[in-house]
Amino acid sequence: MPTLIIARHAKAEAPAAGLSDADRALELIGRKASTRLGQVAARAGINPDLALISPALRTQQTWNLMAGAFSGVEERVVEDLYETHVAGMVEILQELGEVETVVMVGHEPTSSALAAHLAGPGSDKTSLQRVAHGLPTGTAAVIDLECDWASVGSRCGRLVTVLSGRDVEE
């Protein structure tokens, strides 16, 4: 069955006058955490086939730094990932074809809400608690789905872990 990795972008610069939200870049610590998150995922045996990425600069940068840990990943910028809701993310997933492992790089609070929505019986309790408080920047929820992409819906997966790239030095 498929695997979904729901990654939240790493730490970005604070909102500022004259800077659109979509144009906020990663801070140095966010760049380090993004690289580390890719390495942590690869060491856990995860190698995505497809990356779905929000068009925001910080998500693009997060993925570009994570991607160094993987090989052969198809990348798609998905406009609807920037400002959407759980149902919108589910629709995106339901349109996927034959692909085994997908990483979706997006934003809060929708990323953690999607992880909670998909997490069903057998999910890791510690990971569920982490997701309930929101995915911190530079982390990713890993969900093993018990359905195909076209059937993705509420409680159709098992939240197995939350990976973090946050243990990096300033």
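In our numbering, the protein residues as written are 1252 to 1421.
Glycine included, C-beta positions come from ideal geometry on N, C-alpha and C.
No experiment lies behind these values; they were computed from the predicted model shown.
Close beta carbons around residue i, own chain, < 6 angstroms, minus the five adjacent residues each side
i	result
Pro1306	Val1328, Glu1330, Tyr1333
Glu1421	Any reading at Glu1421 must be qualified, since the residue scores a pLDDT of 44, below 50, and its modelled position is unreliable; no value is offered.
Val1356	Ala1258, Ile1304, Thr1310, Thr1313, Trp1314
Ala1261	Leu1277, Gly1281, Ala1284, Ser1285, Thr1313, Thr1388, Gly1389
Glu1326	Ala1302
Terminal residues of the alpha helix (DSSP H) in which residue i lies
i	result
Ala1318	Premise fails: Ala1318 is in no alpha helix (DSSP H) and is neither H nor E.
Val1291	1279-1294
Thr1377	1376-1383
Leu1347	Where Leu1347 is concerned, there is no enclosing alpha helix (DSSP H), given that its DSSP letter is neither H nor E.
Ala1370	Unbroken run through Ala1370: none, as it is neither H nor E.
Nearest candidate by alpha-carbon position, reference residue i, set the options
i	options	result
Asn1298	Phe1321, Ala1261, Asp1395	Phe1321
Ser1363	Met1340, Gln1345, Gly1348	Met1340
Ser1313	Leu1347, Trp1400, Ala1338, Thr1390	The residue you asked about is not Ser; residue 1313 is Thr in the sequence shown. Here the closest residue by C-alpha is Thr1390.
Thr1254	Gly1385, Ser1402, Val1350	Val1350
Ala1318	Trp1400, His1336, Glu1342, Val1291	Val1291
Ala1392	Thr1412, Lys1376, Glu1264	Thr1412
His1384	Ser1374, Pro1360, Asp1375	Pro1360
Val1403	Arg1287, Glu1342, Ala1293, Leu1316	Glu1342
Val1337	Asp1375, His1358, Ser1374, Leu1270	His1358
Gly1373	Arg1287, Val1324, Gly1289, Arg1409	Arg1409
Cβ-Cβ separation, residue j to residue i (assumed contact under 8 angstroms), whole Å
i	j	result
Ile1257	Leu1365	6 angstroms
Ala1302	Leu1414	Not really, about 15 angstroms apart at Cβ, beyond 8 angstroms.
Ala1367	Val1382	5 angstroms
Where the beta strand (DSSP E) containing residue i begins and where it ends
i	result
Val1393	1390-1396
Gly1408	1408-1415
Thr1254	1254-1259
Val1329	Val1329 -> no beta strand (DSSP E), and no H or E assigned at all.
Ile1304	1301-1304
Beta-carbon proximity list for residue i, same chain, < 8 angstroms, skipping 5 on both sides
i	result
Cys1407	Leu1369, Gly1371, Leu1396, Glu1397, Cys1398
Asp1272	Pro1266, Ala1307
Ala1268	none
Own chain, CB closer than 7 angstroms to residue i, minus 5 neighbours either side, in chain order
i	result
Arg1417	Ala1284, Pro1387, Gly1389, Thr1390
Trp1400	Pro1253, Leu1344, Gln1345, Leu1347
Glu1264	Arg1275, Ala1276, Glu1278
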